[in-house]
Each structure stands twice: as C-alpha cells, then as structure tokens.
Amino acid sequence: MHRMFGFSSPISPLLKRANACMASGDCLAAAKAYEELLEQSGPQPGPQFAFVCLQAGSARLQAGQSAQAVNHFRRGLDILAAHSRYAQMYHSGQRIKTELEKRGMVREARVFMAQIHSNMPAAAEIPTQHVSEQLPTLPPICPICGGFLRVFELHWRNAHTAECSFCASPLEIA
Ligand SMILES: [Zn+2]
C-alpha cells in the first residue's frame, strides 16, 4: 500500500504524543512535537500537515507566542489551498479568526481572513463536500491518533465516511 502522506509510519508516535499533549493542555510540549513533525514534511506537504501546522499555531497561541502562532496558521492555510481543500480552509480559517479575536489580535485576524479570501477560487469552482443536512455525531478526538475532530474541518470521502484531519484514518459516521 502506498503511503497516504508524508509521516514515516502509518500513525506517527510523534503525532500521537503531540495530540496527547494538546488534549492535556500542555501547549508548549504540543507545539514542539507538532513542529518536530513539520520538519519531516518535505517540500510538498500533504493536507494532513496543514492541520499539524494549524494545531502548532493554536498551541503557540495558547502559550502566548502569537508571532509564531500566526506563521503556523498562514502556512497551514497555504497547504490547504495547495491541495484545493477550500471547504476545510474556509472553516478552519473561521475558527482561527475567532481564536485570534478572543486574544485581542483583531488586526492579525483581519490579515488572516484576507489571506483566505485571496486563496479562495470563485464559488462555482469549490468542490461540493459530502455533508448531510443533519450534523453527524463524532467522537471529540480521533480514536487512532488522538487528534481533535472538528466536523466542519473534516475531508469527506463519501456521505458516511470522513477522514481524521491529522492521520487520515477513516471515520465511519452513522
Ligand atoms: Zn487521527
């Protein structure tokens, strides 16, 4: 089987450790582990690395390191745009904008949204996502890698199967 993305094993122990640190509120340890993962991303990082970037940004933001946070956020968005993951880019962007505004970083939030809008194609070119009218119920974290699952930021393979943003494991939704 081919490797679905750039992590060196099907589920990287480093990814699990980063997610566990994030879930337990140890933002600095989480940030360092996510950044270690990013060093393995290579010149053309897969879409999972976008969420590693965004999570590294959230971890740095929670640790009060806003400049580093913003750099991670911007890179994460660029990776999503490079993979035409526009729905994910839009919804992740909205969440991060709120995270920035909550910390009084209104100017950064505005610059960030401008980046999203400049990356967005015309509405007609945005691929439709398979999301049913009724919001699916998801576990709060991925049972495989421990990453946070956010329903609007998932990539859907079909109407019943989404992928974990971090490890791409299929998540069967009833
Ligand atoms: Zn996962």
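Numbering (the working numbering), first residue to last: -8 to 165.
All residues carry an ideal CB built from backbone N, CA and C; glycine is no exception.
It should be emphasised that the depicted structure is a prediction, and the values quoted were computed from it without experimental measurement.
Check                                                                                                                                    : Outcome
For a test of your reading of the model: does the CB of Ser32 fall under 7 Å from any non-hydrogen atom of ligand 1? Yes or no.          : no
Looking at the secondary structure, which residues open and close the alpha helix (DSSP H) in which Glu92 lies?                          : Tyr77 to Lys93
Excluding the 5 residues flanking Thr152 on each side, which residues of the same chain have their C-beta closer than 8 Å to its C-beta? : Pro161, Leu162, Glu163 and Ile164
Check whether the Cβ atoms of Phe42 and Phe143 lie closer than 8 Å to each other.                                                        : no
So, Cys136 versus Leu5, is the Cβ gap smaller than 8 Å?                                                                                  : no
Mind checking which residues open and close the alpha helix (DSSP H) that includes His146?                                               : No alpha helix (DSSP H) holds His146; the beta strand (DSSP E) holding it covers His146 to Asn149.
If you count every other CB in all the chains shown that lies within 10 Å of the CB of His146, and 16 or more means buried, which is it? : buried
Decide if Ser0 is buried, meaning its Cβ has at least 16 other Cβ atoms within 10 Å, or exposed.                                         : For Ser0, the predicted model reports a pLDDT of 49, less than 50, meaning its position is unreliable; a value from the coordinates is still stated below. Per the 10 Å Cβ criterion, exposed.
In angstroms with no decimal places, state the Cα-to-Cα distance between Pro127 and Ile2.                                                : 25 Å
Out of curiosity, what's the CA-to-CA distance linking Pro130 and Ala14?                                                                 : 14 Å
What separation, rounded to the nearest whole angstrom, lies between the Cα atoms of Pro36 and Ile70?                                    : 7 Å
Could you tell me the distance, in whole angstroms, from the CA atom of Ala21 to the CA atom of Ala73?                                   : 25 Å
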